[in-house]
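Reading through the structure tokens given below for one structure.
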Amino acid sequence: THQLEIRNLHAKVTDTDQEILRGINLVVPRGELHAVMGPNGNGKSTLAKVIVGDPEYTVTQGEVLVDGVNILEMEPDERARLGVFLAFQYPVEIPGVTIANFLRLAMQARKGEGEEVGFAEFYGKLKGALDTLEWDESIVERYLNAGFSGGEKKRNEILQMLMLDPNYIIMDETDSGLDVDALKIVAKGVNSMRGPNLGGLIITHYQRLLDYIVPDKVHIIVDGKVVQSGGPELAKKLDTEGYEWVKELATA
Ligand code: ADP
Ligand code: MG
Ligand code: MG
2 THQLEIRNLH AKVTDTDQEI LRGINLVVPR GELHAVMGPN GNGKSTLAKV IVGDPEYTVT
62 QGEVLVDGVN ILEMEPDERA RLGVFLAFQY PVEIPGVTIA NFLRLAMQAR KGEGEEVGFA
122 EFYGKLKGAL DTLEWDESIV ERYLNAGFSG GEKKRNEILQ MLMLDPNYII MDETDSGLDV
182 DALKIVAKGV NSMRGPNLGG LIITHYQRLL DYIVPDKVHI IVDGKVVQSG GPELAKKLDT
242 EGYEWVKELA TA
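Taking the UniProt record's numbering, the leading residue of the sequence shown gets 2, the next gets one more, and so forth.
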């Protein structure tokens, strides 16, 4: 079973009683990208962070199965080695680390210690990825995220993704603050990876990104639960009708 399966997932803010996820159920087979939408403040980012093991949240019930293996007891780096990749909502700056350094370290971490990332392999892949993203090679000598525009940060996330060959991607609000040209490049990067080996969740409040990355399914989260699932037309409906009607589903 090559799929990301979330079963009755409950999670709270660590060291508090504040429950945010209240029984999420989702199955994303490899080969499919699903959109996760919903009003602000309803648990979308929490879901992403719980999947990658952010200690800010504690799982109180349920499972997250990656290809049949429950990952909830694993450290974040072990999850990364299974090929679960989170594109951060707010990418961090790491002083003194260039993009090239960072990508090499990340690729090595993904492979584990047994296998070296060869120089030729690294540069070959890097060239291909930069080409897809229409980015000049000189960018990789810049320090990670330092002085990057919003668009450059996002493009850098997609560069990481292209380099790491994830099995599952989780993108959280990757579209926020992007102009149409940047959005198209991000989408081009993601679409270039689509295929039978890649599954993922595209988390977004707005339908806009989904014009370019057309999801196989759409799920709506309200109050920490999936209240409705459907095809791409569901995202369009949210775009025209807003979120009021889904909030009512949650209380019904
Ligand atoms: P979304 O991504 O759907 O906008 P979030 O998952 O970021 O929502 O947040 C869901 C709810 O949980 C919000 O009300 C938010 O304020 C709250 N929340 C998330 N993380 C924390 C935290 N670390 N401490 C307290 N409240 C939090
Ligand atoms: Mg939010
Ligand atoms: Mg969010």
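Beta carbons are placed, not taken as given, at the ideal position from N, Cα and C, and that holds for glycine.
N- and C-terminal bounds of the alpha helix (DSSP H) containing residue i
i, result
"ARG82", "77-82"
"SER46", "45-53"
"GLY231", "Premise fails: GLY231 lies in the beta strand (DSSP E), 226-231, not in any alpha helix (DSSP H)."
"residue 1", "The structure shown does not extend to residue 1, since the chain spans only 2 to 253, so no value can be given for it."
"GLU249", "245-252"
"residue 295", "The displayed coordinates of the chain run from 2 to 253. Any statement about residue 295 would go beyond what the structure contains."
"GLY190", "181-194"
In DSSP terms, what residue i is bridged to
i, result
"LEU5", "VAL29, VAL67"
"TYR169", "VAL85, GLY200"
"TYR213", "In DSSP, TYR213 forms no bridge with anything."
"ALA12", "LEU22, VAL60"
"TYR207", "Beta-bridge pairing links TYR207 to no other residue."
Burial state of residue i, where buried means 16 or more other Cβ atoms lie within 10 Å
i, result
"TYR124", "exposed"
"THR15", "exposed"
"PHE103", "buried"
"VAL70", "exposed"
"PRO216", "buried"
"ASP173", "buried"
"THR175", "buried"
"ASN157", "buried"
"GLN161", "buried"
"TYR120", "For the sequence presented, residue 120 should be read as Phe rather than Tyr. Its Cβ having fewer than 16 others within 10 Å, PHE120 is exposed."
"PRO167", "buried"
"VAL181", "exposed"
"LEU5", "buried"
"TRP246", "exposed"
"ALA81", "buried"
"TYR91", "In this prediction, TYR91 has a pLDDT of 48, which is less than 50 and means its spatial position is unreliable; what the coordinates show is noted afterwards. Exposed, by the Cβ-count rule."
Residue interval of the beta strand (DSSP E) (run including residue i)
i, result
"ALA36", "34-38"
"VAL98", "No beta strand (DSSP E) holds VAL98; DSSP gives it neither H nor E."
"VAL219", "218-223"
Take every Cβ of the stretch 27-41, pair it with every Cβ of the stretch 200-220, and state whether three or more of those distances are shorter than 8 Å.
The stretch 27-41, when compared against the stretch 200-220, does touch it at the 8 Å Cβ threshold.
Is it the case that the stretch 60-77 contacts the stretch 183-197, given that we only count it when at least three CB pairs across the two stretches are under 8 Å?
Here the stretch 183-197 makes no contact with the stretch 60-77; the two share fewer than three CB pairs at distances below 8 Å.
Contact between the stretch 33-48 and the stretch 74-82: three or more CB pairs below 8 Å?
Look at the beta carbons and you see the stretch 33-48 not touching the stretch 74-82: under three pairs across the two are nearer than 8 Å.
Do the stretch 234-248 and the stretch 206-223 make contact, defined as three or more Cβ pairs closer than 8 Å?
Two segments are said to touch when three or more pairs of C-beta atoms, one from each, lie closer than 8 Å; by this definition the stretch 234-248 touches the stretch 206-223.
Fully enclosed by the stretch 137-170, which alpha helix (DSSP H) runs are 4 residues long or longer?
Positions of the alpha helix (DSSP H) runs, each at least 4 residues long and wholly inside the stretch 137-170, are given as 151-165 in order along the chain.
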